[in-house]
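Data block below; observations after.
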Amino acid sequence: MVSAVKVKRKMIESGLKLDMYSHKALIHGFCKVLELDNAKEELFTMLEKGLSPGYSTYSWLVDGFYNQNKQDEIAKLPEEFEKRGLCPDIALYRGQPQLEIGIIRWRFWNRSIDEASLSLSSKSISHLAAPFIVVFAG
């Protein structure tokens, strides 16, 4: 990944702009070598440019954190998006049940029940196009 980062730096220094595919390649590479913080930063850079990562890009990052047993990092993703003024698209949530479950668990155990219930109606989820149904079993 060191050489990929060097190529990225040279492209930027030459006045070239990275497109969606360049960012996705870097994110995928970072995830493969378990440099998940770098992958996350690249994702945020991509979103700040207004580029849409798509399902697979989010999936690489979420799966990387999940496989490293870092569910707390998964749960913090929406909060990090919000801090940066970003709103992820539906691709972040689609097919990622561990993400929503992780958010609810993290907020329930580390904060409060009110915040756990808030995650179901927060602005980070309210923009979803598809119906969002949650079933609680006691």
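In UniProt numbering, the protein residues as written are 1 to 138.
Cβ coordinates follow ideal geometry from the N, Cα and C atoms, glycine included.
Rounded to whole angstroms, what is the Cα-Cα separation between residue i and residue j?
i: Glu79; j: Val7; result: 31 Å
i: Gln68; j: Lys76; result: 15 Å
i: Leu51; j: Glu73; result: 23 Å
i: Glu13; j: Tyr21; result: 18 Å
i: Ile104; j: Val62; result: Residue placement at Ile104 cannot be trusted, given a pLDDT of 49 that sits under 50; what the coordinates show is reported in the next sentence. Looking at the two C-alpha atoms, the distance is approximately 16 Å.
i: Met11; j: Lys17; result: 7 Å
i: Gly64; j: Lys49; result: 23 Å
i: Leu47; j: Ser3; result: 23 Å
i: Asp37; j: Pro53; result: 16 Å
i: Tyr66; j: Gly15; result: 36 Å
i: Gly95; j: Tyr55; result: Confidence at Gly95 is low in this model, with a pLDDT of 48, below 50, so its placement is unreliable and no value can be given for it.
i: Arg84; j: Ala39; result: 16 Å
i: Ser59; j: Arg9; result: 26 Å
i: Val33; j: Leu86; result: 26 Å
i: Glu35; j: His28; result: 10 Å
i: Asp19; j: Glu82; result: 23 Å
i: Phe30; j: Met1; result: 7 Å
First and last residue of the alpha helix (DSSP H) that includes residue i?
i: Glu35; result: Per DSSP, Glu35 belongs to no alpha helix (DSSP H) and is neither H nor E.
i: Ser59; result: Tyr55 to Asn67
i: Asp72; result: Gln71 to Lys83
Pull up the CB-CB distance for residue i and residue j, whole angstroms please, since I reckon it's below 8 Å.
i: Lys24; j: Thr45; result: Contact doesn't hold; Cβ gap of about 12 Å is too wide.
Taking 7 Å as the cut-off, is the CB of residue i close to at least one heavy atom of the ligand FAD?
i: Leu86; result: Ligands displayed in this structure: none; no statement on the ligand FAD is therefore possible.
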